[in-house]
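Its first residue numbered 1, the sequence shown is counted upward by one per residue in UniProt numbering. Here is the structure we will look at, set down as structure tokens.
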Amino acid sequence: MMRKDVNKPKGKTSAYAFFVQTCREEHRKKNPEQSVNFAEFSKKCSERWKALSASDKKCFEDMAKADKVRYNREMRDYVPPKGFGKRGRKRKDPNAPKRPPSAFFVFCSEYRPSVKQQYPGLSIGDCAKKLGEMMKMRMRTRTSREGRTRLKRERERERARERQVGVCVSEHRQVE
Numbered sequence: 001m002m003r004k005d006v007n008k009p010k011g012k013t014s015a016y017a018f019f020v021q022t023c024r025e026e027h028r029k030k031n032p033e034q035s036v037n038f039a040e041f042s043k044k045c046s047e048r049w050k051a052l053s054a055s056d057k058k059c060f061e062d063m064a065k066a067d068k069v070r071y072n073r074e075m076r077d078y079v080p081p082k083g084f085g086k087r088g089r090k091r092k093d094p095n096a097p098k099r100p101p102s103a104f105f106v107f108c109s110e111y112r113p114s115v116k117q118q119y120p121g122l123s124i125g126d127c128a129k130k131l132g133e134m135m136k137m138r139m140r141t142r143t144s145r146e147g148r149t150r151l152k153r154e155r156e157r158e159r160a161r162e163r164q165v166g167v168c169v170s171e172h173r174q175v176e
């Protein structure tokens, strides 16, 4: 699990966050012993913020701008230690064997041409919906398993040939 970098500059604070801070301080001064229900308090703060005029909000917006300048200055000077920078995306190995297609993909590859021929103006999404409906009907009847099992066997043979050629699964894990 990744730990948080303690030296990273604190994030910039919004105008609304500054407003809520002042509301909280006011509430603490008026009611020092009373505990605050956060849900109610935040609801009241948001109502007060919405009712605030633009000139009253300007004070908080200026504070937010100043804090943004502070944040940008600190981030410009900040260099994250090793292990805390942005994580790169794992690169995909182009030589890795493909995953076997799902039953729906096998069905689509077999029946898509006939659907396209039957309904020439169909969009890609509508074609997929039509194929889904067809597969549901086909699965209910379960008449033709031979075609699907034949395609499955062919794909298994193809994967076995790929493995024999030298495409090893352990080699793919080493690629960055």
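Backbone N, C-alpha and C fix where the C-beta goes; we use that ideal spot for every residue, glycine too.
Discussion item. Please report the distance separating the alpha-carbon of V175 from that of N95.
Written reply: Because V175 carries a pLDDT of 44, less than 50, the predicted location of this residue cannot be relied on, and no value is offered for it.
Practice prompt. List the whole-angstrom C-beta distance separating R148 from A103, where the pair is believed to meet the contact cut-off of C-beta under 8 Å.
Written response: 7 Å
Worksheet item: So G11 and Y78 are in contact, right, with Cβ under 8 Å, and what is the actual spacing, rounded?
Response: Not really, about 12 Å apart at Cβ, beyond 8 Å.
Worksheet entry | S170 versus C23: straight-line alpha-carbon distance, rounded | Its pLDDT being 45, under 50, S170 is placed unreliably by the model, and nothing is read from it.
Worksheet item: Does the separation of the CB atoms of D56 and T13 fall below 7 Å?
Response: Pairing D56 with T13 gives a Cβ-Cβ distance that is not under 7 Å.
Fill in: Reduced DSSP secondary structure (H/G/I, E/B, other) of S170
Legend: pLDDT at S170 = 45, less than 50; position of this residue unreliable, no value from coordinates given.
Item to complete: Can you have a look at R173 and say buried or exposed, based on whether 16 or more other CB atoms are within 10 angstroms of its CB?
Response: Confidence is the limiting factor: at R173 the pLDDT is only 43, short of 50, which leaves the residue's position unreliable, though a coordinate-based value still follows. Flag for R173 reads exposed.
Discussion item. Buried or exposed, going by whether 16 or more other CB atoms sit within 10 Å of the CB of F105?
Written reply: Result: exposed.
Worksheet entry | Local conformation of Q34 per DSSP, three classes | coil
Discussion item. Buried or exposed for V20, going by 16 or more other Cβ atoms inside 10 Å?
Written reply: buried
Discussion item. For C59 and F18, what's the separation of their Cα atoms in angstroms?
Written reply: 10 Å
Practice prompt. State yes or no: is the C-beta of A15 within less than 7 Å of the C-beta of A64?
Written response: Judged by beta-carbon spacing, A64 lies within the 7 Å limit of A15, meaning their Cβ atoms are closer than that value.
Practice prompt. Within its chain, find whatever has a CB closer than 8 Å to the CB of V115; leave out the 5 residues flanking it on each side and keep chain order.
Written response: L122, C127, K130, L131, M134
Worksheet entry | Assigned exposure category for F38 - 16 Cβ within 10 Å defines buried | exposed
Worksheet item: Considering only residues of the same chain and omitting the five flanking positions on each side of N7, which have a CB-CB separation below 8 Å?
Response: Y78, P81
Worksheet entry | Alpha-carbon to alpha-carbon, P120 and E156 | 33 Å
Fill in: Limits of the unbroken alpha helix (DSSP H) element including N72
54 to 77
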